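Accompanying notes for the structure given below.
Protein chains in written order, with the numbering used here: chain A, 90 to 200; chain B, 143 to 254.
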């Protein structure tokens, strides 16, 4: 199916475990983004990528790692999950400066 | 002070009325502004964007930008119960970067 997908949609993990959230888009958009959304903070940018092999930090990058070896994929890894990383994570993609298309989100709970 | 501020609401308006959603931003270098709608449990979807002072209309929606006052607003005419959602305002940093700063959103309730 065309569009932007995220997996898993729901994930429960324990403190200290490594977790990878997947994001895949079929539009061949150059730009991809990872956000987290928390009550009281809104959407905050974690990392973004302007093209394959080009990534840069956003507002809240600590504790996260990204890679982008292929244009269509932009995985987000929590190297050692903490309770403060419990959140809803959204991936987005964009070809222009104006519109971002968001994936359905991943709800992550860290126990 | 948050870079993009919105009143969390809820803003309640009767069906058929005009809903006015407001947003202020602190970075004068911000050049483009976006309004997203987010239904509960869903992902944000773009309603419209604006980058020039003045008004921009798209159907029932009008975005207004006043860079001197660092103020962006979204007007929804003939509000419908289906417009009930959280509306997110976002500012894009100056050209050359892709850093978007989102407000925390205003919850709109349109009463039938």
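Positions of the beta carbon are idealized from the N, C-alpha and C atoms, including for glycine.
Just so you know, these numbers come straight off a predicted model, no measurement behind them.
Under the 8 Å Cβ criterion, the segment 166-175 of chain B counts as touching the segment 194-214 of chain B, having at least three qualifying pairs. In summary, residue 186 of chain B is buried, with 16 or more beta-carbon neighbours lying within 10 Å of its beta-carbon over all protein chains present.
Boundaries of the beta strand (DSSP E) around residue 145 of chain A: 143-146. Counting along the chain, no beta strand (DSSP E) covers residue 210 of chain B, and no H or E run does either. Exposure of residue 129 of chain A is indicated by the presence of fewer than 16 other C-beta atoms within 10 angstroms of its C-beta. Taking 8 Å as the cut-off, the beta carbon of residue 132 of chain A is found closer than this to the beta carbon of residue 179 of chain A. Beyond the five residues adjoining it in sequence on each side, residue 155 of chain A comes within less than 6 Å, by CB distance, of 136, 144 and 165 in the same chain, given in chain order. Using a Cβ-Cβ cut-off of 7 Å, residue 118 of chain A is close to nothing in chain B; its nearest Cβ partner there is about 12 Å away.
Beta bridge pairing from DSSP links residue 110 of chain A with A/165. Under the Cβ criterion (8 Å, minimum of three pairs), the segment 94-113 of chain A does not count as touching the segment 225-238 of chain B. Three or more beta-carbon pairs separated by less than 8 Å are not found between the segment 187-204 of chain B and the segment 245-252 of chain B, which leaves the two stretches without contact.
In this structure, the CA atom of residue 104 of chain A is about 21 Å from the CA atom of residue 123 of chain A.
Residue 151 of chain A and residue 156 of chain B have their alpha carbons spaced roughly 44 Å apart. Counting along the chain, the unbroken beta strand (DSSP E) around residue 131 of chain A starts and ends at 131-140. Per DSSP, the beta-bridge partners of residue 187 of chain B are B/179. Boundaries of the beta strand (DSSP E) harbouring residue 125 of chain A: 120-127, taken from the DSSP string. Taking 8 Å as the cut-off, the beta carbon of residue 159 of chain B is found no closer than this to the beta carbon of residue 224 of chain B. The straight-line gap separating the alpha-carbon atoms of residue 174 of chain B and residue 243 of chain B is approximately 11 Å.
At a cut-off of 8 Å, the C-beta of residue 113 of chain A has no neighbouring C-beta in chain B. Distances from the CA of residue 192 of chain B to each of B/178, B/219, B/226 and B/153 were compared; the closest alpha carbon is that of B/178.
Residue state for residue 148 of chain B is assigned as coil, using DSSP reduced to three classes.
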